[in-house]
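*Asks:* The sequence shown stops at residue 151 when you use our numbering, and every number in between is there.
My questions all concern the structure below.
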Amino acid sequence: MLIDRDVPGKHASYKVGGMLGAQNEFTHDSDLFQLAIESRSMFPQLSESLLNETSIDIQFHNSGLIKIANQESDVASLEHQYHFLTGKDSSVKQLNNEALIHLTQGAVEPSYAAIHIPHDGQINAHNYTNALLESIK
């Protein structure tokens, strides 16, 4: 949740990126992790409901997320996160450079390490804010 300081939809909520990274930042189980996973699971239905109610498409895409260690010093942290996440979601996979290049259609250079989190997604944050504001009118 974002709260703008004065005009709704004009500050933090306007500048946010729209990544639904429920698993992206976590390395251990917590109430917040569980809340993020539950929240993420609601987005397909929420997206449809907001479109029906407001005619605003939040452009929800269950496109997955690739997390990359571009420096050798980041590898241990990413591996730690990978081991935690696979204990909660077996669909999270480590990517070798060949798989990374294939999955990104060559748009990403080889890295020291990478993982694919297939259930994280993306929305258009500006449309999402506008749809939420419209839904409370």
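The C-beta atom is built at its ideal place from N, Cα and C for all residues, glycine as well.
Which same chain residues, not among the five before or five after N84, have their C-beta less than 7 Å away from its C-beta?
*Replies:* In the sequence shown, the residue the question calls residue 84 occupies position 70. Within the same chain, N84 has close Cβ partners S125, Y126.
*Asks:* What residues match up with Q136 in a beta bridge as DSSP calls it?
*Replies:* Here residue 136 is taken as the residue at index 122 of the sequence shown, counted from 1. Its beta-bridge partners are M33, H75.
*Asks:* Find the nearest neighbour of N38 within the set N111, T68, A90, F98, judged by alpha-carbon distance.
*Replies:* In the sequence shown, counting from the first residue as 1, residue 38 sits at position 24. Comparing Cα positions, the closest option is F98.
*Asks:* Compute the Euclidean distance between the alpha carbons of T143 and L109, then round it to the nearest angstrom.
*Replies:* One-based indexing of the sequence shown puts residue 143 at position 129. One-based indexing of the sequence shown puts residue 109 at position 95. Taking the straight line from one Cα to the other gives about 34 Å.
*Asks:* Starting from A128, trace the beta strand (DSSP E) both ways and give me its first and last residue.
*Replies:* As a first step, residue 128 must be located in the sequence shown, where it is residue number 114. Its beta strand (DSSP E) spans residues 127-131.
*Asks:* Could you tell me which of Q136, E148, N141 sits nearest to G78, measuring between CA atoms?
*Replies:* Along the sequence shown, one-based indexing puts residue 78 at 64. Per the Cα distances, Q136.
*Asks:* Between I82 and the rest of its own chain, which residues show a CB-CB distance below 6 Å, the 5 nearest in sequence each way excluded?
*Replies:* Here the question's residue 82 lines up with position 68 in the sequence shown. Excluding residues within five positions, the ones whose Cβ falls inside 6 Å are S125, A128.
*Asks:* Check each candidate in S61, V30, T118, A36 and name the one with the smallest Cα separation from D134.
*Replies:* For the purposes of this step, residue 134 is taken as residue 120 along the sequence shown, with counting starting at 1. For the residues S61, V30, T118, A36, the minimum Cα distance to D134 belongs to A36.
*Asks:* Hey, would you say Q119 sits closer than 7 Å to T41, going by beta carbons?
*Replies:* As a position in the sequence shown, residue 119 is number 105, starting the count at 1. As a position in the sequence shown, residue 41 is number 27, starting the count at 1. Cβ distance not < 7 Å, so Q119 and T41 don't count as in contact.
*Asks:* Do you know offhand how far G101's Cα is from K151's?
*Replies:* Position 87 of the sequence shown, counted from the start, is the residue given in the question as residue 101. Position 137 of the sequence shown, counted from the start, is the residue given in the question as residue 151. Rounded to the nearest angstrom, the two C-alpha atoms are 42 Å apart.
*Asks:* May I ask you to report which of helix, strand or coil DSSP gives A121?
*Replies:* Taking the sequence shown and counting its residues from 1, the one referred to as residue 121 is at position 107. A121: coil per DSSP, three-state reduction.
*Asks:* Is it buried or exposed for H116, if we count other Cβ within 10 angstroms and need 16 for buried?
*Replies:* Here the question's residue 116 lines up with position 102 in the sequence shown. The residue in question, H116, is exposed, as its Cβ has fewer than 16 Cβ neighbours within 10 Å.
*Asks:* For F47, collect the residues of the same chain with a Cβ closer than 6 Å to its Cβ; drop the 5 residues on either side in sequence, then sort them by chain order.
*Replies:* Here residue 47 refers to the residue found at position 33 of the sequence shown. Around F47: F40.
*Asks:* Apart from the five residues just before and just after I80, which ones in its own chain have a Cβ nearer than 8 Å to its Cβ?
*Replies:* The residue given as residue 80 occupies position 66 in the sequence shown. These residues qualify, in order along the chain: L109, L114, L117, T118, V122, A128, I129, H130, I131.
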